Amino acid sequence: VLVDHEDSFVHTLGNYLRQTGANVKTLRSGPATRKTLEDMALAGNAPDMVVLSPGPGNPSDFGLSDTIEILAKYKIPGFGVCLGLQGMVEHFGGKLGVLGYPMHGKPSTISLTEAGMSDDSIFASLP
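44 is the number of the first residue of the sequence shown in this note's numbering; add one for each residue after it.
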């Protein structure tokens with residue numbers, strides 16, 4: 044399931060996911076989508092993953108925390124892109140800030156923690 048947070052990139056994202064062989068159902072963010080996700084889980088038909096799309100504004104504008112709570116409650120894997128990731132960060136206690144300069148689409152150097160460098164880390168196979 045791809046949750047659409049009213050961003051034009053959602054269609055491109057959906058097409059990228061389909062190119063991997065995924066069967067993608069796009070749902071517009073809101074109470075109806077949260078009910079659909081919960082109904083699917085209760086019926087034993089939970090999605091393999093829910094992708095939380097980009098969108099304008101802030102995670103609270105879309106009730107992202109409520110959606111993430113459903114994912115956590117039913118142990119449905121979630122993946123956040125831009126706004127979706129920001130919503131996950133806030134939901135699990137992280138803080139968001141505003142940079143004084145744009146960084147969208149620009150490369151950045153990152154440093155891994157000790158846990159990030161372990162053999163079982165998702166970063167293990169990266170250079």
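All C-beta atoms, glycine included, are put in the ideal place defined by N, C-alpha and C.
Computed from a predicted model, the values in this text were never measured in an experiment.
Inter-residue spacing [alpha-carbon to alpha-carbon] between residue i and residue j
i    : j    : result
S108 : S168 : 31 angstroms
G159 : I153 : 11 angstroms
A89  : I119 : 7 angstroms
L114 : P145 : 31 angstroms
E81  : V67  : 17 angstroms
L85  : K116 : 11 angstroms
T156 : S164 : 10 angstroms
V53  : G148 : 17 angstroms
S151 : G137 : 20 angstroms
Residues near residue i by beta carbon distance below 6 angstroms, same chain, minus five either side
i    : result
C125 : P97
H134 : S108 and I111
T69  : L45, D47 and G57
Close-in-space but distant-in-sequence residues of the same chain around residue i (CB under 8 angstroms, 5 per side omitted)
i    : result
G130 : L95, P102, F105, L107, S108, T110, I111 and G123
L128 : L95
S161 : A167
R61  : V67
Proximity of residue i and residue j at Cβ, strictly below 9 angstroms
i    : j    : result
E49  : R77  : no
L45  : G57  : yes
V132 : L139 : yes
M92  : G73  : no
Backbone secondary structure at residue i - three-state DSSP
i    : result
G123 : strand
L95  : strand
L81  : Contrary to the premise, residue 81 reads as Glu rather than Leu in this sequence. Helix, per DSSP.
N88  : coil
F105 : helix
V141 : coil
In DSSP terms, what residue i is bridged to
i    : result
R242 : Residue 242 is absent from the model: the chain starts at 44 and stops at 170.
C-beta neighbour in chain C for residue i, strict 9 angstroms
i   : result
R71 : Annotation note: the requested chain C is absent from the structure, which comprises a single protein chain.
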